[in-house]
Structure formats: C-alpha cells, structure tokens
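**Student:** Quick one: structure below, then a few questions.
There are 2 protein chains.
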Amino acid sequence: MAARRTPSTRATINDVAARAGVSRGTVSRVLNSEVYVSEAARTAVEAAIHEVGYVRNAAARNLVTRRSQAVGLIVHEPHSLFLEDPNIGSILLGINSALSEADYQLVSLVIDSDRDIARVAEYLTGGFVDGVVIISARAGDPIGHVIAESGIPAAFVGHPIDIEGIPYVGIDNRSAARAITERLMATGRRRIGMIAAGLDRDSGQDRLAGFTEALGDRFDAELVVEVPLYSYGSGVDGMRVLLETRPDLDGVFAASDALAAGALDVLREAGRSVPADVGLVGFDDSAWAVRTQPPLSTVHQPAGALGRRAAELVLAQLRGEDVGLGGTFLDTAIVWRASA
Amino acid sequence: MAARRTPSTRATINDVAARAGVSRGTVSRVLNSEVYVSEAARTAVEAAIHEVGYVRNAAARNLVTRRSQAVGLIVHEPHSLFLEDPNIGSILLGINSALSEADYQLVSLVIDSDRDIARVAEYLTGGFVDGVVIISARAGDPIGHVIAESGIPAAFVGHPIDIEGIPYVGIDNRSAARAITERLMATGRRRIGMIAAGLDRDSGQDRLAGFTEALGDRFDAELVVEVPLYSYGSGVDGMRVLLETRPDLDGVFAASDALAAGALDVLREAGRSVPADVGLVGFDDSAWAVRTQPPLSTVHQPAGALGRRAAELVLAQLRGEDVGLGGTFLDTAIVWRASA
DNA sequence: TTGTATGCGTTATCAT
DNA sequence: ATGATAACGCATACAA
Chain A
268 MAARRTPSTR ATINDVAARA GVSRGTVSRV LNSEVYVSEA ARTAVEAAIH EVGYVRNAAA
328 RNLVTRRSQA VGLIVHEPHS LFLEDPNIGS ILLGINSALS EADYQLVSLV IDSDRDIARV
388 AEYLTGGFVD GVVIISARAG DPIGHVIAES GIPAAFVGHP IDIEGIPYVG IDNRSAARAI
448 TERLMATGRR RIGMIAAGLD RDSGQDRLAG FTEALGDRFD AELVVEVPLY SYGSGVDGMR
508 VLLETRPDLD GVFAASDALA AGALDVLREA GRSVPADVGL VGFDDSAWAV RTQPPLSTVH
568 QPAGALGRRA AELVLAQLRG EDVGLGGTFL DTAIVWRASA
Chain B
268 MAARRTPSTR ATINDVAARA GVSRGTVSRV LNSEVYVSEA ARTAVEAAIH EVGYVRNAAA
328 RNLVTRRSQA VGLIVHEPHS LFLEDPNIGS ILLGINSALS EADYQLVSLV IDSDRDIARV
388 AEYLTGGFVD GVVIISARAG DPIGHVIAES GIPAAFVGHP IDIEGIPYVG IDNRSAARAI
448 TERLMATGRR RIGMIAAGLD RDSGQDRLAG FTEALGDRFD AELVVEVPLY SYGSGVDGMR
508 VLLETRPDLD GVFAASDALA AGALDVLREA GRSVPADVGL VGFDDSAWAV RTQPPLSTVH
568 QPAGALGRRA AELVLAQLRG EDVGLGGTFL DTAIVWRASA
C-alpha cells in the first residue's frame with residue numbers, strides 16, 4: 268500500500284528517481300513506456316513509483332508536450348431542453364466511446380449563463396483541451412465563434428447557421444421531414460399541420476422546408492405554428508394554437524417526439540382520437556416515441572453514431588489530417604408505429 | 268481585431284511585455300488584477316494583449332499555482348439509466364450554478380467502460396481538477412476509492428455503502444418511502460407491493476426499509492420484487508412478476524417514477540384500472556410523473572438543491588474549511604396526484 | 001510602482 | 001541504455 272501522503276507533499280519524479288537510484292530521465296522513459304530502458308531499471312522504477320505513491324502532474328506534462336489528451340464537449344441548451352432532450356445522452360456516449368478508444372478524455376462543459384460563456388471560452392483557449400465537439404449550438408452563439416477564431420480542432424453535431432470553417436455532422440433533416448410527411452399524406456390526410464421549432468438552427472429550418480416541399484400545392488401557411496423549444500410543453504402550446512385556428516385538421520407533423528407527446532395529450536383532451544381522427548408523427552425516435560399511447564410514428568435519428576462521427580472528425584484533425592469543412596450526413600429511417 | 272495566429276505560435280507574456288514596453292511581472296500583475304499597477308501600465312498592457320492576441324496558458328499557470336479552478340463531476344451509470352434518469356440533469360445544473368458563482372469550471376466526466384475508469388482516475392489525480400463531485404456511485408466503485416485515497420476535496424450526491432471519509436448530501440429515503448407508503452395505505456389498500464431497485468446503494472436499501480417499516484405487521488415479502496435498474500423497462504419487468512405472483516394486489520410502491528411508468532403500462536395491459544383497481548405511487552417527482560396517464564403521486568426530490576449543496580461542500584473544502592464527514596439531508600415532500 | 005530572478009514538474013536534447 | 005541540462009509559460013518573492 269502506498270504511503271499516506273498529505274496533499275502538500277506530492278511525490279515528484281525526483282523522489283522516484285532517488286528511490287530507484289536512477290535519473291529523472293530514466294523515470295520519465297519508464298512512465299512513457301519508451302523503448303530504451305533496461306529491465307532492471309524498469310522494475311526498480313515501477314517499485315519506487317508505488318512506494319512513494321507517485322502520480323504524474325498533468326500541468327507540468329501539458330506545459331512541455333503542449334497537449335492535454337482531453338477533448339471538450341460543449342452543451343449549450345436552455346435548462347428545460349437539456350433536461351428533456353433524449354438525444355444528448357446518446358450523442359455523448361457515442362463521443363465518449365470514440366475518444367476513449369483513442370485514449371482521450373472527454374470533458375463536458377455545460378453553458379447555462381453568460382458567466383459560463385466567458386469561463387468556458389477561457390477554459391478552451393487556455394489549453395485544457397486539445398479539441399472540442401459542439402452540440403446544438405444556435406445562431407449567434409459566442410462560443411462557436413471563439414472556437415472558430417481560436418483554430419482549435421473542432422466539430423459540430425448539427426450546424427449553426429452562421430458559422431463557417433468548422434466541419435459538422437448531422438442528418439438530412441429536409442429529406443427526412445419530407446419523407447415522413449409524404450408517408451402521413453399517404454394515409455389519406457388532407458389537412459396536415461406542423462408544429463415547428465428551433466428555427467434558429469438549420470435543423471429546424473430544414474424540417475419545415477421538407478414539410479413544405481412534401482405538401483407542394485397543398486401547403487397552407489395557416490397550418491404551421493412555430494414554437495420556441497423542442498419540448499413537451501411547447502408541443503402542448505403549439506397544438507392548442509393549431510386546434511384553435513384550424514379545428515378541421517386531420518394530420519400533424521411535430522418537429523420532435525417531445526413536441527408530439529405534448530400535442531398528443533392536447534388532442535386527447537380535445538376529444539380527438541389518434542390516429543382515427545388525427546394522424547400524428549414525430550421526429551427523433553427518442554424514448555418518448557415508445558412511451559406514448561399510441562406509440563409514435565417518427566424518424567429514427569442515429570444519435571450515438573452522430574456523436575461518434577463528430578469525435579472522429581476531431582481526432583482526425585488532432586492527427587493532422589485534413590477533414591475538409593463540409594458536412595457529413597448520416598442516414599435516418601422512418602419508424603412507423605400506431606400514431607398515424 | 269486580434270492578429271490571426273497560427274496554432275504553432277501562440278503569444279506569451281513575453282510578447283505582451285515587449286509590445287507594451289513593460290516587464291513580464293507587470294503583465295502578470297495586470298492579468299491577475301493586482302493592486303499595484305499604474306493606470307498607464309494597465310492600459311498599455313491591455314492594448315498589447317489585444318494586439319498580439321494573447322491568451323493565458325493554463326498548464327503553465329496551474330503548474331505554478333497548483334490549482335486549476337476546475338471541479339470534476341463523475342457520472343457513473345449504465346447506459347440506459349444515464350439516458351433516462353431525469354434527476355441527473357437537474358443535479359448537474361445545480362452543481363454548475365454553485366461552481367459558476369465561485370468562478371470554478373465544472374467538467375463532467377462520464378464513466379462508461381473499464382478503460383474510462385483508469386483514464387478518469389488519472390485525470391483526477393493528475394491535477395486537472397481541484398475537487399470532485401461524485402454522483403450515483405455504486406458499491407464497489409473503484410473511482411470512489413481512488414478519490415478517497417487521493418485526498419482530493421470531494422462530495423457525494425447520494426452515499427455509496429462502502430466508502431467512508433467523504434461527505435455526502437442526499438435525502439432521507441427511508442422516511443420518505445415510509446411516508447408515501449403510509450399515504451397509500453390510507454387510501455384503503457390492503458395488499459401493497461413494491462418494485463425495489465438499486466439495492467447496491469443506500470438509497471435503494473432505505474426505500475425498501477421505509478416501505479417495510481410502514482407496513483409493519485402487514486409486510487409480506489412475496490409482495491416485493493427486486494429489479495436491477497431504476498428504469499422504465501425494469502418497471503415493466505417488475506410489474507409483470509408482481510402480477511404473476513400476486514394477482515390480488517391493490518397497491519404498488521415503485522422505487523422511482525420511471526419504474527412506476529413501466530408498471531402503469533403493464534397494469535393497463537392487464538386490464539387493471541389505476542387508481543380504481545390498483546393505487547400506484549412513484550418516487551422522484553421527475554418529468555415522468557406528470558406525463559403518465561394518470562399523473563403519478565410521488566415523492567418530490569430536490570435535485571437541483573442536492574447538486575448545489577454538494578458543490579458547496581467541495582468549495583468549502585477548497586477554502587480550507589472543515590466540513591465534517593457526515594451526511595447532509597435535504598427535505599422531500601409528497602406530491603399527491605391521480606395515480607393513487 | 002516596477003523589474004529581476006527563481007522555481008513549479010515534466011519532457012526532450014544531447015552527451016556519454 | 002542512461003544521466004545531465006535546457007526549455008515549457010507563468011507567478012511570485014525580493015530588490016530597487
């Protein structure tokens with residue numbers, strides 16, 4: 268068992284070297300498992316490390332190597348969404364898994380106030396991380412610009428409208444939205460509404476565009492309601508408005524499953540049966556989709572794969588590879604359940 | 268606008284000093300907003316900083332100050348739970364808010380594999396963080412022991428059974444469980460079952476103990492089913508077993524809202540009306556509780572406050588205060604809705 | 001109020 | 001294969 272040490276006296280390489288009867292250089296070589304070390308030296312050093320309870324000082328190491336072996340994940344969400352968004356967890360796990368394999372530490376930084384913005388910016392530019400993945404950034408996001416200017420290897424999951432010069436990975440929201448809307452139309456619905464959200468990101472705009480495209484001539488602007496968040500509560504609000512302005516609707520495309528869940532409860536309250544009276548479809552294929560009654564027909568989003576891919580984009584840059592600046596788009600699939 | 272710099276040539280204090288025509292010491296003093304700096308020097312330095320695009324090197328700074336102004340949050344959860352647990356988000360925001368006010372950066376580290384354990388342990392002991400909050404640690408958790416031995420300022424949210432020497436904050440699970448069970452009994456239920464989970468933490472054990480206590484003589488071990496996770500899926504499984512072994516039950520206490528949601532769907536499938544045939548109560552007062560039909564009667568858990576308090580415990584230690592080793596318990600409240 | 005000099009704990013370069 | 005020694009970029013004690 269390592270000797271109990273007070274926090275004020277941490278063992279250094281010097282201590283280990285003295286104990287093992289070798290030089291600092293040799294200890295360092297053992298630590299970094301370099302080639303030219305004798306078996307005798309190695310075992311002596313390893314024993315000494317254990318005896319003095321040595322742990323490497325990251326700051327000193329980072330200072331000279333100019334690397335931290337860490338990659339940041341920026342999550343910038345309004346409270347409510349962060350708590351509810353079921354994709355974030357999967358994306359995070361996907362990122363972590365890719366980084367872990369490459370022996371990088373993922374550190375997540377949440378931005379929840381203006382104070383946070385400044386502090387996180389310093390953290391990133393200060394060298395605590397070698398790269399960064401940004402998730403769900405919105406238009407006008409200051410952190411995105413800080414990162415773009417700093418030149419630190421980065422990748423977005425999703426693509427904020429106003430930032431260029433950073434590669435991103437996402438899905439083809441427009442095609443997916445068009446596809447599920449067409450599927451909904453194929454069930455015979457004639458007056459289909461949409462609850463649109465997140466119009467400050469291209470994902471939100473594209474879902475609306477796909478919806479519009481699918482409807483073609485039959486598109487009716489009155490049947491579209493805009494809400495601020497991809498949340499259950501916004502779904503409730505949106506559906507109420509829709510039902511008010513167009514009580515004759517017989518189909519709804521909600522821009523997320525959470526919105527659809529909210530809409531579903533409002534429809535139920537209003538005495539509309541789903542899918543008999545109104546066909547309802549969502550987006551994300553999140554945990555929501557299988558918990559509603561009836562379960563939601565929706566678009567499956569490969570959240571874990573999105574995260575993994577973004578992490579790989581950062582890792583590639585860290586290796587000095589040129590990854591280009593365009594977007595990478597992963598496939599979605601329609602999952603048809605009972606809500607339409 | 269700052270001059271565009273290649274990543275290979277970052278400006279240092281020397282560059283700023285040269286530009287401003289002062290010494291490194293003065294620049295450093297400006298950077299740390301110390302008292303004895305002339306107005307002239309300050310403005311000159313600030314201009315120079317901007318002109319050369321200087322950003323502080325965190326590694327160098329940490330090396331000499333022996334502090335990082337960062338606090339880690341360890342989240343160690345099986346995949347499914349991490350994605351579903353609605354409390355984690357609130358706890359995280361509570362922690363972040365407290366740390367942010369004290370100008371500390373919260374960095375979240377998720378443990379999702381054995382590789383992660385070793386890497387995170389190195390990250391923590393290496394000095395990347397000054398303190399750490401551990402959430403939902405389980406018995407036998409290696410990270411908990413690493414932290415305990417390292418002597419790094421720490422606090423648990425919840426309390427793993429086998430770790431001493433680290434302060435923790437939680438709720439009185441036993442009293443809360445007893446209270447809601449008694450409330451359920453007061454509705455006239457005679458054969459109340461429990462879906463218990465997380466028995467490798469004291470929270471899980473205490474909820475079971477509270478349930479047992481409330482029932483007193485009427486306790487029947489056959490009416491308790493143990494499931495591994497606090498998840499919807501486990502709720503489904505648990506309720507199936509319960510319905511199989513004791514089809515005559517008329518009340519259920521699920522150890523979490525997610526479990527209750529799963530149980531509710533099974534009851535519905537089985538043709539049991541809630542609350543008419545079976546009274547159902549949950550635990551957590553999470554988002555689940557208000558989304559089920561009917562909404563759940565449950566125990567409100569002050570998740571945000573728990574996180575904030577844990578962060579404050581770490582901050583106090585960072586200030587050199589003695590916070591003791593005991594637990595801090597925050598109040599819960601019963602929220603009675605329509606499921607019982 | 002400011003400048004100078006030293007050291008933080010590593011890695012890396014050079015001898016040997 | 002190993003040992004000395006010089007950075008890395010900053011804060012700080014001390015001198016001025």
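Chain order of the listed sequences is A and B. Under the numbering used here, the letters of the first sequence match residues 268 to 607, in that order. Under the numbering used here, the letters of the second sequence match residues 268 to 607, in that order. By construction, the Cβ of each residue, glycine as well, lies at the ideal position given by its N, Cα and C atoms. As the structure is a prediction and not an experimental result, all values here were calculated from the model.
Based on the DSSP secondary-structure assignment, which residues constitute the bridge partners of Phe486 (chain B)?
**Tutor:** Stepping through the second sequence from its first residue, residue 486 (chain B) is reached at position 219. Answer is none; Phe486 (chain B) lacks a bridge partner.
**Student:** Span of the beta strand (DSSP E) holding Leu516 (chain B)?
**Tutor:** Taking the second sequence and counting its residues from 1, the one referred to as residue 516 (chain B) is at position 249. Segment: none, Leu516 (chain B) is in no beta strand (DSSP E) and carries neither H nor E.
**Student:** Examine chain B for any beta-carbon lying closer than 7 Å to the beta-carbon of Ser540 (chain A), and answer yes or no.
**Tutor:** Indexing the first sequence from 1 puts residue 540 (chain A) at position 273. False, the Cβ-Cβ gap to chain B never drops below 7 Å.
**Student:** Counting Cβ pairs, one atom from each stretch, are 3 or more of them under 8 Å apart for the region 424 to 439 of chain B and the region 400 to 411 of chain B?
**Tutor:** yes
**Student:** For Gly232 (chain B), is the classification buried or exposed, using 16 other Cβ atoms within 10 angstroms of its Cβ as the cut-off for buried?
**Tutor:** Outside the shown range of chain B, which is 268 to 607, sits residue 232 (chain B), and nothing can be said about it.
**Student:** Could you tell me whether the Cβ of Arg405 (chain A) comes closer than 7 Å to any Cβ of chain B?
**Tutor:** For this step, residue 405 (chain A) is matched to residue 138 along the first sequence. No, its Cβ sits nowhere closer than 7 Å to a Cβ of chain B.
**Student:** Kindly list the residues whose CB is nearer than 7 Å to the CB of Val289 (chain A), restricted to its own chain and excluding five residues on each side of it in sequence; keep chain order.
**Tutor:** Translated into the one-based positions of the first sequence, residue 289 (chain A) becomes position 22. Cβ within range, chain order: Ala308, Ala311, Val312.
**Student:** Counting only the same chain and skipping the five closest in sequence on each side, list residues whose C-beta sits under 7 Å from that of Gln568 (chain A).
**Tutor:** Sequence index remark: in the first sequence, residue 568 (chain A) carries index 301 (1-based). Residues Asn354, Ile438, Asp551, Asp552, Thr599 of the same chain have their beta carbon placed closer than 7 Å to that of Gln568 (chain A), with the five preceding and five following residues left out of the count.
**Student:** What does Arg450 (chain A) reach in chain B if we use C-beta pairs closer than 9 Å?
**Tutor:** By one-based count along the first sequence, residue 450 (chain A) stands at place 183. Those within 9 Å of Arg450 (chain A) in chain B number zero; the least Cβ separation is about 26 Å.
**Student:** If you measure between the beta carbons of Val319 (chain A) and Arg286 (chain A), is that distance less than 7 Å?
**Tutor:** As a first step, residue 319 (chain A) is located in the first sequence; it is residue number 52 there, counting from the start. As a first step, residue 286 (chain A) is located in the first sequence; it is residue number 19 there, counting from the start. Cβ distance < 7 Å, so Val319 (chain A) and Arg286 (chain A) count as in contact.
**Student:** Where Pro514 (chain A) and Arg457 (chain A) are concerned, what is the direct C-alpha to C-alpha distance, given to the nearest angstrom?
**Tutor:** Residue 514 (chain A) sits at position 247 when you count from the first residue of the first sequence. Residue 457 (chain A) sits at position 190 when you count from the first residue of the first sequence. Pro514 (chain A) and Arg457 (chain A) have their C-alpha atoms roughly 13 Å apart.
**Student:** Roughly how many angstroms separate the alpha carbons of Ala419 (chain B) and Leu582 (chain B), rounded to a whole number?
**Tutor:** Within the second sequence, the letter at position 152 stands for residue 419 (chain B). Within the second sequence, the letter at position 315 stands for residue 582 (chain B). Reading the sequence as shown, one finds Ile at residue 419 (chain B) and not Ala. Roughly 12 Å separates the two Cα atoms.
**Student:** Under 7 Å between beta-carbons, which chain B residues line up against Val503 (chain A)? List them in chain order, please.
**Tutor:** If you number the first sequence from 1, residue 503 (chain A) lands on position 236. Under a criterion of Cβ atoms nearer than 7 Å, no residue of chain B is adjacent to Val503 (chain A); the nearest Cβ is some 11 Å distant.
**Student:** In angstroms, rounded to a whole number, what distance separates the CA positions of Arg576 (chain A) and His426 (chain A)?
**Tutor:** On the first sequence, residue 576 (chain A) is found 309 positions in, with the first residue counted as 1. On the first sequence, residue 426 (chain A) is found 159 positions in, with the first residue counted as 1. Taking the straight line joining both Cα atoms gives about 14 Å.
**Student:** Using a Cβ cut-off of 8 Å, pull out every chain B residue sitting near Asp217 (chain A), in sequence order please.
**Tutor:** Look at the range of chain A in this structure, 268 to 607, and you will see that residue 217 (chain A) is not part of it.
**Student:** Looking only at its chain, what residues have a beta carbon closer than 7 Å to the beta carbon of Val541 (chain A), apart from the 5 residues adjacent to it on each side?
**Tutor:** The residue given as residue 541 (chain A) occupies position 274 in the first sequence. Here the set comprises Leu531, Leu534, Leu547, Pro561, Ser606.
**Student:** Which whole-angstrom value is the C-beta distance of Leu375 (chain B) and Ser375 (chain A), which I expect to be below 8 Å?
**Tutor:** To locate residue 375 (chain B), count along the second sequence from 1; it is residue 108. To locate residue 375 (chain A), count along the first sequence from 1; it is residue 108. Correcting the residue type first, residue 375 (chain B) is Ser in the shown sequence and not Leu. The Cβ separation is near 4 Å, so the contact holds.
**Student:** Sort B:Val396, B:Gly292, B:Ile601, B:Phe395 by Cα distance to Ala556 (chain B) and report the nearest one.
**Tutor:** Numbered from 1 along the second sequence, position 289 holds the residue referred to as residue 556 (chain B). Comparing Cα positions, the closest option is B:Ile601.
**Student:** Just checking my contact of Ser335 (chain A) with Val396 (chain A) at CB under 8 Å: how many whole Å lie between their CB atoms?
**Tutor:** Within the first sequence, the letter at position 68 stands for residue 335 (chain A). Within the first sequence, the letter at position 129 stands for residue 396 (chain A). Right, their Cβ atoms sit about 6 Å apart.
**Student:** Is Phe550 (chain B) close to chain A, meaning its C-beta is less than 7 Å from at least one C-beta of that chain?
**Tutor:** Looking up residue 550 (chain B) in the second sequence gives position 283. Closer than 7 Å: no.
**Student:** Check whether chain B comes within 7 Å of Thr392 (chain A), counting only Cβ atoms and requiring the distance to be less than that.
**Tutor:** Taking the first sequence and counting its residues from 1, one reaches residue 392 (chain A) at position 125. Interface residue, yes.
**Student:** Which whole-angstrom value describes the C-beta separation of Val494 (chain B) and Ala543 (chain B), a residue pair presumed to lie in contact below a C-beta threshold of 8 Å?
**Tutor:** Counted from its first residue, the second sequence places residue 494 (chain B) at position 227. Counted from its first residue, the second sequence places residue 543 (chain B) at position 276. Their Cβ separation, rounded to whole angstroms, is 25 Å, which puts Val494 (chain B) and Ala543 (chain B) out of contact at 8 Å.
**Student:** Is Ser375 (chain A) close to chain B, meaning its C-beta is less than 7 Å from at least one C-beta of that chain?
**Tutor:** Here residue 375 (chain A) is taken as the residue at index 108 of the first sequence, counted from 1. Yes, Ser375 (chain A) counts as interfacial toward chain B.
**Student:** Since Arg291 (chain A) meets chain B, which of its residues come closer than 9 Å, beta carbon to beta carbon?
**Tutor:** Working through the first sequence from its first residue, we reach residue 291 (chain A) at position 24. Correct list: empty, because the minimum Cβ distance to chain B is about 16 Å.
**Student:** With a threshold of 16 other CB atoms inside 10 Å of the CB of Ala488 (chain B), please say whether the residue is buried or exposed.
**Tutor:** Within the second sequence, numbered from 1, the residue matching residue 488 (chain B) stands at position 221. Classification of Ala488 (chain B): exposed, given that the 10 Å Cβ count is below 16.
**Student:** Tell whether a beta-carbon distance below 7 Å holds between Val436 (chain A) and Leu340 (chain A).
**Tutor:** Against the first sequence, residue 436 (chain A) aligns to sequence position 169. Against the first sequence, residue 340 (chain A) aligns to sequence position 73. Not in contact: Val436 (chain A) and Leu340 (chain A) (Cβ atoms no closer than 7 Å).
**Student:** Under 7 Å between beta-carbons, which chain B residues line up against Ala325 (chain A)? List them in chain order, please.
**Tutor:** As a position in the first sequence, residue 325 (chain A) is number 58, starting the count at 1. Near Ala325 (chain A) (Cβ distances below 7 Å), the residues of chain B are Gly393, Gly394, Phe395.
**Student:** Take Gly283 (chain A) and list the residues in its own chain whose beta-carbon comes closer than 8 Å to its own, dropping the five residues that flank it on each side.
**Tutor:** Against the first sequence, residue 283 (chain A) aligns to sequence position 16. The question names Gly, but residue 283 (chain A) in the sequence shown is Val. Counting only Cβ-Cβ distances below 8 Å, and skipping sequence neighbours, we find Val294, Val312, Ala315, Ile316, Val319, Tyr321.
**Student:** Output needed in chain order: residues of the region 296 to 328 of chain A with a Cβ under 7 Å from some Cβ in chain B.
**Tutor:** Val322, Arg323, Asn324, Ala325, Ala326, Ala327
**Student:** Just to confirm, is the Cβ distance from Gly393 (chain A) to Arg323 (chain B) under 7 Å?
**Tutor:** Along the first sequence, one-based indexing puts residue 393 (chain A) at 126. Along the second sequence, one-based indexing puts residue 323 (chain B) at 56. Yes. Within cutoff.
**Student:** Can you name, in chain order, every residue of its own chain whose Cβ lies under 6 Å from the Cβ of Ala269 (chain A), other than the five neighbours on each side?
**Tutor:** Your numbering for residue 269 (chain A) matches position 2 in the first sequence. Unreliable positioning characterises Ala269 (chain A) in this predicted model, as indicated by a pLDDT of 38, which lies under 50. The coordinate reading is nonetheless provided below. Here the set comprises Gly320.
**Student:** Check whether the Cβ of Ser275 (chain B) lies closer than 7 Å to any Cβ atom in chain A.
**Tutor:** One-based indexing of the second sequence puts residue 275 (chain B) at position 8. Model confidence at Ser275 (chain B) stands at a pLDDT of 48, short of 50, so the residue's coordinates are unreliable; what they give is reported in the following sentence. So, not an interface residue.
**Student:** How big is the Cα-Cα spacing for Gly471 (chain B) and Ala522 (chain B)?
**Tutor:** The residue given as residue 471 (chain B) occupies position 204 in the second sequence. The residue given as residue 522 (chain B) occupies position 255 in the second sequence. Distance between the alpha carbons of Gly471 (chain B) and Ala522 (chain B) is about 8 Å.
**Student:** Using the C-alpha atoms, what's the distance from Arg333 (chain B) back to Thr276 (chain A)?
**Tutor:** The residue labelled residue 276 (chain A) in the question sits at position 9 within the first sequence. The residue labelled residue 333 (chain B) in the question sits at position 66 within the second sequence. Going by the C-alpha atoms only, they are around 12 Å apart.
**Student:** Which residues in the same chain have their Cβ closer than 7 Å to the Cβ of Thr565 (chain B), if we skip the five residues on either side of it in sequence?
**Tutor:** The sequence position of residue 565 (chain B) within the second sequence is 298, counting from 1. Hits under 7 Å: Asp524, Val548, Gly549, Phe550, Asp551, Asp552, Ala556, Val602.
**Student:** Measuring CA to CA, which of A:Ala325, A:Asp469, A:Val545, A:Val508 is closest to Glu389 (chain B)?
**Tutor:** Taking the first residue of the second sequence as position 1, residue 389 (chain B) is located at position 122. For the residues A:Ala325, A:Asp469, A:Val545, A:Val508, the minimum Cα distance to Glu389 (chain B) belongs to A:Ala325.
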